[in-house]
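Visitor:
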Amino acid sequence: MNVKIQIADAVAGAVQSAVADGVFKAADNLPEITLEVPPKKEFGDFACNFAMQAAKIFRANPRKIAEEIRSRISAPWLDKIEIAGAGFMNFYLKPSVIYDELRAVYDNLDNFGQLPAKNNQPIQIEYVSANPTGLLHVGHGRGAAAGSAIVNILRAAGFSVVSEYYINDAGNQMENLAKSVNARYLELLGQSVEFPEDGYHGADIIDTAKKILAQDGDKYLSLPEAERLKILEDLAYADKLAELKKDLAEFQVNFDVWYSERTLHPDKINAAIKALRDRGEIYEKDGALWLASTRYGDDKDRVVIRENGVPTYLAADIAYHKDKFERGFSTLINIWGADHHGYIARVKAAMTALGFNADNLKILLLQMVSLYRGAELVRMSKRTGESITLRELMEEVGVDAARYFFLMRSIDSQLDFDLELAKKKSSENPVYYIQYAHARICSIFRQAEEVGLKLPAAPEFSLMTTPAEIDLVNKIFEYPDEVEKAAAEFAPQRIARYAYDLAAQFHSFYRDCRILGVEENLAAARLALVKVTAHTIKHALGLLGVSAPASM
RNA sequence: GCGUCCGUGGCUCAGCUGGAUAGAGCAACGGCCUUCUAAGCCGUGGGUCGCGCGUUCGAGUCGCGCCGGACGCACCA
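Sequential numbering of the first sequence, starting at 66, is according to our numbering.
1. Can you name, in chain order, every residue of its own chain whose Cβ lies under 7 Å from the Cβ of G236, other than the five neighbours on each side?
2. Measuring alpha carbon to alpha carbon, tell me which of Y157, E133, Y265, L354 ends up nearest K106.
3. Among Y469, L356, R371, which has the Cα closest to the Cα of T417?
4. Counting Cβ pairs, one atom from each stretch, are 3 or more of them under 8 Å apart for the segment 465-475 and the segment 200-214?
5. So, helix, strand or coil for T273, using DSSP?
6. Which residues bound the beta strand (DSSP E) around E107?
7. Reducing DSSP to helix, strand and coil, say where T454 ends up.
8. May I have the straight-line CA-CA distance separating G439 from L486, to the nearest angstrom?
9. By the three-class DSSP mapping on this structure, what secondary structure does V443 have?
10. If we count the other Cβ atoms within 10 Å of its Cβ and call it buried at 16 or more, is T454 buried or exposed?
11. Whose C-beta lies closer than 7 Å to the C-beta of L258 among residues of the same chain, with five residues either side of it excluded?
12. Give every residue of the same chain whose Cβ lies closer than 8 Å to the Cβ of E372, excluding the five residues on either side of it in the sequence, and list them in chain order.
13. Is Y285 helix, strand or coil by DSSP?
14. To the nearest angstrom, how far is it from the Cα of P263 to the Cα of N241?
15. Give the C-beta separation of L300 and L201 to the nearest angstrom, bearing in mind that I take them to be a contact with Cβ-Cβ under 8 Å.
16. Using a 10 Å radius around the Cβ and a threshold of 16 neighbouring Cβ atoms, would you call V623 buried or exposed?
17. Is A268 close to the ligand HEM? I mean its beta-carbon at under 7 Å from any heavy atom of the ligand.
18. How many angstroms separate the CA atom of Q238 from the CA atom of A195?
19. From the DSSP output, in three-state form, read off F115 for me.
20. Can you say whether R448 is buried or exposed, counting buried as having 16 or more other CB atoms within 10 angstroms of its CB?
21. Are at least three pairs of beta-carbons, each pair with one atom in the segment 124-137 and one in the segment 93-100, less than 8 Å apart?
22. Hey, would you say V203 sits closer than 8 Å to Y230, going by beta carbons?
23. Quick one: Cα of K284 to Cα of R327, how far?
24. Could you spell out where the beta strand (DSSP E) holding I146 opens and where it closes?
25. On the premise that V102 lies in contact with E166, defined as a C-beta separation below 8 Å, what is that separation, rounded to the nearest angstrom?
26. Under three-state DSSP, which class holds K350?
27. Within 10 angstroms of the Cβ of A593, are there 16 or more other Cβ atoms? Answer buried if so, exposed if not.
28. For V216, which of helix, strand or coil comes out of DSSP?
29. Quick one: Cα of G223 to Cα of L180, how far?
30. What does the Cβ neighbour count give for R367, buried or exposed, with the cut at 16 atoms within 10 Å?
31. Can you tell me the Cβ-Cβ gap for V190 and I215, rounded? I've got them flagged as a contact below 8 Å.
32. Between the alpha carbons of G450 and P289, how many angstroms are there, rounded?
33. Rounding to the nearest angstrom, what Cα-Cα distance links M154 and I218 in this structure?
34. What whole-angstrom Cβ distance do L581 and Q512 have, given they're in contact under 8 Å?
35. Give the single residue among T601, V369, A551 whose Cα lies nearest to the Cα of I338.
36. Which partner residues does H202 have in the DSSP bridge list?
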C-alpha cells in the first residue's frame, strides 16, 4: 500500500542521513526494509524489524539503531514510533491516514486488486495436459483448479500470462484408445471380441463407442481392421477432446493455447535431436540414441530414440519444451502431479543440454488427492474406470465447493477431500461462509435502495471509529499485498485464506455496526465501506474461480 | 537404497521467505435472533510445532542426522 511505501521510504531516508552523519557505518549490503502488520493491535499499524537485521552490519545495539532512526523521522501522517522487544519499530499512524487511503480505494474501486502491469515478458503456464483418452479425474481437478487460479493471480499481480494445454495425442495411448473404442464398438454390434490387454476399461469408452454408433451406424463394421482403427481413433480423439474441453470450461478453466503433440512429429522432434547431437549431447548405444543427461544432474542417461527408431515420450517433451523456450517467454511454469517428480531432472537436463537456462523452467508439483466419503476412502484407478471423475465431482458437490476445497490447501500438501463435507451447506463448509458474507452485503444494498440510501460520492469515512470498522478497513488494505505474495509464491491458498479472513472480519463488523437506521452520513460511509468489502470478496473469490452470489 | 513432498491442539490445516505470548475451522462446552440473511456473532477449554544436534541476538520456519507417512526411481505416457 501507499503508506507502507511512505514508511519504508522514511526509514530508508533516516538510515541514509545517519550514515551521512557518520552515526551508522556505511555499508552496501543493508537488509531490505520490510514492513509487516504486527500480530497484535497494541504493536501499532506497521512494524519494522530493520534495526535488528542491521545490528550486525552497524555493529550496534538494535534498540539504539531504532532510536537513531526514530529521531530522524517526522511526517505528517505519523502519530508515533515505539520501540519494542529486541528492536522492533512500531509505527502508529494518524487516524486520518486510513480514511484518506480508504477514499483512494473507493474512488478507484474497479481497479482494486488489479496491480499495475509489470513489464516482464509473458509467463507461460502449462497445466492439466491429461491424455485425451478418458475423462478427467479428481487429481486432474486439483491441477486444473490450481493452474487456473495461479493464472488469475499472476494476471492480477500484473503479469502477462499465456496458459497452455499440451495434448498427448500421439503415441501408444492413442492406439490404445482406438483399440478400446473398436472393441466396444464391435461389442455393441453383437460381435464377440477380446478386449485389448492394456485398453481403457472405463465406462466412458463405451459411451464414446455408443456415440459413434448413433452417429454413423455400423458402417465401419465391414472395413478392414486397420482402416477401422484409423477412423475410430480420429472419431474417439475428437470426442474425448471435446469432453475434456467441456468439463474444463464448466470447471472455470480456460486455455489460451491447445498444443497438439502431433505437431511435433516428426520435424520438431528431429530438429531437437539434431540440436542435441550437434552439441555433442547424444550418443548411440544398443541401437538406440541416448541423451547424456547425467552431465546435467540426471540419475541416468535417457533413451530419446528407441532401437526401433520410434522417439520416446521424452524426445517429444524435449522438442515441446525447446519450442516453449523459443517462443520467448520469461518464465515457463509446469504444473505436474507429484507422481511425475522423477521426470524433472531429465527435462531440465535436456534444456540445459540445449543451452537454455533451466532455472527459467519452474515445475510446480501438486501432491496427491485422496477422496473420502466421510471417513471412508474412495479409491481411484483410471485403468479400471472405478474413479470419481471431475464431472461427477462437479455434479455432486458443485463447482464452487470443489474449487475452493482444492485451493484451500498448499499445493505441496497431500489433500484429503471429503465429499460429504464439501456438500454440506452449513458453517462447516468454508466456501459458503465467504459467499454468505457477500450475499449479506448484497442484501443490504437491496434494502438500502428501498429506503433511498445511496452510495455517496464523497463518503465521510472519518465518522467510522469503532474497532470493528477500523479492523475491516485494515483487512481490506492487506489485499493488494496478498495478491503480490500469492503470485510470487504461486500460492492460491493464500487468497483462499485471505478471503476467509476478510469474510470473518466483515461478519464481526456486521454484528457491531448497523447501516440502515443510523445517522445519515455514517450510514452512507458504512455503505461505502461495505461496497469496498463486497468488491474485495468478489475479486478474491474470482481469482479462485469461485462465484460470489448475490443471495443465498 | 536414492530422490521429492509432508509431520503443528481430538480431526483437517494456516503460519506472510528467521521475529514479539504459535493461529483458524471442525468437534466439546457456555451465551446472543421483535431492527440490514443465525449459512452469523461473542466467549471457554485444549500445543514439549515428530525426535536430536547445530547456525543465530532470536528457529514451527534455515542446515545436518534419525523416526514415521505419501509418491516416484522405463527404450510407458
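Just so you know, even glycine gets a beta-carbon here, dropped at the ideal spot from N, CA and C.
Guide: So, from the data block:
1. For the purposes of this step, residue 236 is taken as residue 171 along the first sequence, with counting starting at 1. Excluding residues within five positions, the ones whose Cβ falls inside 7 Å are Y378.
2. For the purposes of this step, residue 106 is identified with residue 41 of the first sequence, where counting begins at 1. Comparing Cα-Cα distances from K106 to each of Y157, E133, Y265, L354, the minimum goes to Y157.
3. The count along the first sequence starts at 1 and reaches residue 417 at position 352. Of the candidates Y469, L356, R371, the one whose C-alpha sits nearest the C-alpha of T417 is L356.
4. yes
5. Along the first sequence, one-based indexing puts residue 273 at 208. Note: T273 maps to helix in three-state DSSP.
6. Locating residue 107 in the first sequence gives position 42, counting from the first residue. Premise fails: E107 is in no beta strand (DSSP E) and is neither H nor E.
7. Your numbering for residue 454 matches position 389 in the first sequence. Strand.
8. Position 374 of the first sequence holds residue 439. Position 421 of the first sequence holds residue 486. The alpha-carbon atoms of G439 and L486 are separated by roughly 7 Å.
9. In the first sequence, residue 443 corresponds to position 378, counting from 1. V443 falls in the strand class under three-state DSSP.
10. Within the first sequence, numbered from 1, the residue matching residue 454 stands at position 389. Label assigned to T454: buried.
11. If you number the first sequence from 1, residue 258 lands on position 193. The displayed chain sequence assigns Val, not Leu, to residue 258. Around V258: A248, L251, E252.
12. For the purposes of this step, residue 372 is taken as residue 307 along the first sequence, with counting starting at 1. D351, G352, A353, listed in sequence order.
13. Mapped onto the first sequence, residue 285 falls at position 220. If DSSP states are grouped into helix, strand and coil, Y285 belongs with coil.
14. As a working mapping, residue 263 is identified with position 198 in the first sequence. As a working mapping, residue 241 is identified with position 176 in the first sequence. With the sequence shown as reference, residue 263 is identified as Asp, and Pro is not the correct amino acid for it. Those two C-alpha atoms are separated by around 7 Å.
15. Along the first sequence, read from residue 1 onward, the residue named residue 300 stands at position 235. Along the first sequence, read from residue 1 onward, the residue named residue 201 stands at position 136. L300 to L201, Cβ: 20 Å. No contact.
16. Limits of the chain in this structure are 66 at one end and 617 at the other, which puts residue 623 out of reach.
17. In the structure shown, the ligand HEM is absent, as is every other ligand, since no ligand is present at all.
18. Here the question's residue 238 lines up with position 173 in the first sequence. Here the question's residue 195 lines up with position 130 in the first sequence. A straight-line Cα-Cα distance of about 11 Å links Q238 and A195.
19. Locating residue 115 in the first sequence gives position 50, where the first residue counts as 1. In the structure shown, F115 falls within a helical segment according to DSSP collapsed to helix, strand and coil.
20. As a working mapping, residue 448 is identified with position 383 in the first sequence. Because the pLDDT of R448 is 48, which lies under 50, any placement of that residue in the model is unreliable, and the question is left without a value.
21. no
22. What you label residue 203 is simply residue 138 of the first sequence in a count that begins at 1. What you label residue 230 is simply residue 165 of the first sequence in a count that begins at 1. Contact flag unset, no.
23. Numbered from its first residue, the first sequence carries residue 284 at position 219. Numbered from its first residue, the first sequence carries residue 327 at position 262. Cα-Cα distance, rounded: 27 Å.
24. If you number the first sequence from 1, residue 146 lands on position 81. First-last of the beta strand (DSSP E) with I146: 143-149.
25. Position 101 of the first sequence, counted from the first residue, corresponds to residue 166. Position 37 of the first sequence, counted from the first residue, corresponds to residue 102. That pair is no contact at about 14 Å.
26. Walking along the first sequence from the start, residue 350 turns up at place 285. If DSSP states are grouped into helix, strand and coil, K350 belongs with the strands.
27. Counted from its first residue, the first sequence places residue 593 at position 528. Buried, by the Cβ-count rule.
28. Numbered from 1 along the first sequence, position 151 holds the residue referred to as residue 216. Looking at V216 - three-state DSSP - the assignment turns out to be helix.
29. By one-based count along the first sequence, residue 223 stands at place 158. By one-based count along the first sequence, residue 180 stands at place 115. Cα-Cα distance, rounded: 5 Å.
30. Translated into positions along the first sequence, residue 367 becomes position 302. Its Cβ being crowded by 16 or more others within 10 Å, R367 is buried.
31. For the purposes of this step, residue 190 is identified with residue 125 of the first sequence, where counting begins at 1. For the purposes of this step, residue 215 is identified with residue 150 of the first sequence, where counting begins at 1. One point to set straight first is that residue 190 is Ile, not Val, in the sequence displayed. Indeed, because the Cβ distance is near 7 Å, the residues count as touching under 8 Å.
32. Within the first sequence, residue 450 is the residue found at index 385, counting from 1. Within the first sequence, residue 289 is the residue found at index 224, counting from 1. Interpretation of G450 is limited by its pLDDT of 47, a score under 50 that renders its predicted location unreliable; the figure taken from the coordinates is listed afterwards. G450 and P289: Cα-Cα distance of roughly 29 Å.
33. Stepping through the first sequence from its first residue, residue 154 is reached at position 89. Stepping through the first sequence from its first residue, residue 218 is reached at position 153. Computed Cα separation, rounded: 32 Å.
34. In the first sequence, counting from the first residue as 1, residue 581 sits at position 516. In the first sequence, counting from the first residue as 1, residue 512 sits at position 447. About 6 Å separates the two Cβ atoms, so the contact holds.
35. Counted from its first residue, the first sequence places residue 338 at position 273. I338 has its Cα closest to that of V369, out of T601, V369, A551.
36. Walking along the first sequence from the start, residue 202 turns up at place 137. In DSSP, H202 forms a bridge with T454.
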